[in-house]
Amino acid sequence: AQTIHQWPVAEIKAVGSPLSLGCTIKGKSSPNLYWYWQATGGTLQQLFYSITVGQVESVVQLNLSASRPKDDQFILSTEKLLLSHSGFYLCAWRDRGAGNTLYFGEGSRLIVV
Amino acid sequence: QQKVQQSPESLSVPEGGMASLNCTSSDRNFQYFWWYRQHSGEGPKALMSIFSDGDKKEGRFTAHLNKASLHVSLHIRDSQPSDSALYFCAASADTNAYKVIFGKGTHLHVLP
């Protein structure tokens with residue numbers, strides 16, 4: 001069975017500090033991977049997607065960047081955090097064999113102060 | 114403008130009752146739909162996908178799609194307190210598209 005793990009679970013960071021959030025998927029080769037951002041109780045905003053290692057497409061500009069250094073790893077980062085970066089960050093993989101459904105990790109909660 | 118609109122924003126139903134959630138795409142290109150459910154503090158979990166006109170049933174959940182009006186609904190029968198969650202409708206231009214748009218969600222409260 002496939003598992004998706006996100007880290008860290010939660011962070012409190014200062015404005016202007018750097019950020020790195022990670023996501024690892026096990027049990028699935030060459031997955032399509034996604035990053036979403038969610039304000040508290042709000043909708044899910046797609047940030048990035050990646051089809052293969054080393055390839056990342058940006059969907060919306062939020063002063064964030066993403067990288068896919070390994071087949072099973074997706075990293076979200078920024079060098080300078082803004083207050084508006086606070087929220088819930090969700091990594092997901094897409095199962096093309098199950099109606100192209102997205103399967104999400106448990107998320108990383110970020111509070112920028 | 115939000116491409117995927119959901120209604121109502123919030124819904125309360127008694128335990129054992131029927132909950133009905135609605136979703137409409139304002140972009141005719143986005144006509145493939147999914148329903149997701151998110152409990153507080155967790156990642157969303159997929160409930161079902163629906164791509165063809167008509168009904169699709171999975172257990173207590175039934176989705177209905179009308180492609181002509183780009184309207185999809187989700188009906189939950191015999192609602193349980195554990196069904197209390199935020200329900201999202203998501204849409205895509207086709208089943209292989211990489212862009213998946215989510216609505217703002219419906220808060221469902223099932224009252225014991």
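Same order as they appear, the protein sequences are chains V and H. Those letters in the first sequence? Residues 1 to 113, per our numbering, in order. Those letters in the second sequence? Residues 114 to 225, per our numbering, in order. A virtual CB, placed ideally from N, CA and C, is assigned to each residue, including glycine. Small disclaimer: the values here were computed from a predicted structure and weren't measured.
Shorter than 7 Å, the distance from the beta carbon of GLY99(V) to the closest heavy atom of the ligand SAM, or not? Questions concerning the ligand SAM fall outside what the structure shown contains, since it holds no ligand whatsoever.
Span of the beta strand (DSSP E), counted from its first residue to its last, around ARG68(V): 65-70
If we count Cβ pairs, one from each stretch, closer than 8 Å, do we get three or more for the segment 63-76 of chain V versus the segment 39-49 of chain V? yes
What does GLY167(H) pair with, by DSSP beta-bridge criteria? LEU178(H)
Tell me which residue opens and which closes the beta strand (DSSP E) that ILE4(V) is part of. 3-7
Counting Cβ pairs closer than 8 Å, one from the segment 50-66 of chain V and one from the segment 27-34 of chain V, do we hit at least three? yes
Just the Cα atoms here: how many angstroms apart are ASP140(H) and LYS212(H)? 13 Å
Touch test, the segment 2-20 of chain V against the segment 52-61 of chain V, Cβ-Cβ under 8 Å, three pairs minimum: no
Under a three-way DSSP split, which group does SER30(V) fall into? coil
Indicate whether the contact test is met: 3 or more Cβ pairs, each with one atom in the segment 121-129 of chain H and one in the segment 177-184 of chain H, closer than 8 Å. no
Closer than 8 Å is the cut-off here; do at least three beta carbon pairs connect the segment 196-205 of chain H with the segment 138-153 of chain H? yes
PHE104(V): which of SER186(H), GLY154(H), ASP191(H), GLU128(H) sits nearest, CA to CA? GLY154(H)
Any chain H beta carbon closer than 8 Å to LEU110(V): no
Have a look at the DSSP bridge pairing and note the partners of LYS158(H). ARG150(H)
Would you mind reading off the limits of the beta strand (DSSP E) that contains PHE88(V)? 87-95
Residues of chain H with a CB under 9 Å from the CB of VAL59(V): which are they? TYR211, LYS212
Determine the chain V residues that contact GLY167(H) at a beta-carbon separation under 9 Å, and present them in chain order. The contacting residues do not exist; GLY167(H) stays about 15 Å from chain V at best.
What residues from chain V crowd round GLY218(H), counting only those whose CB sits closer than 7 Å? THR43
What residues in the segment 154-180 of chain H have a beta carbon less than 9 Å from any beta carbon of chain V? GLY154, GLU155, GLY156, PRO157, LYS158, ALA159, MET161, SER162, ILE163, PHE164
Between the C-alpha atoms of SER195(H) and PRO127(H), what's the straight-line distance to the nearest angstrom? 12 Å
Decide if LEU187(H) is buried, meaning its Cβ has at least 16 other Cβ atoms within 10 Å, or exposed. buried
So is LEU221(H) buried or exposed if we call it buried at 16+ other beta carbons inside 10 Å? buried
For SER192(H) and PHE143(H), which I take to be in contact (beta-carbon distance under 8 Å), what is that distance rounded to the nearest angstrom? With 8 Å as the limit, SER192(H) and PHE143(H) do not qualify as a contact, their Cβ atoms being about 28 Å apart.
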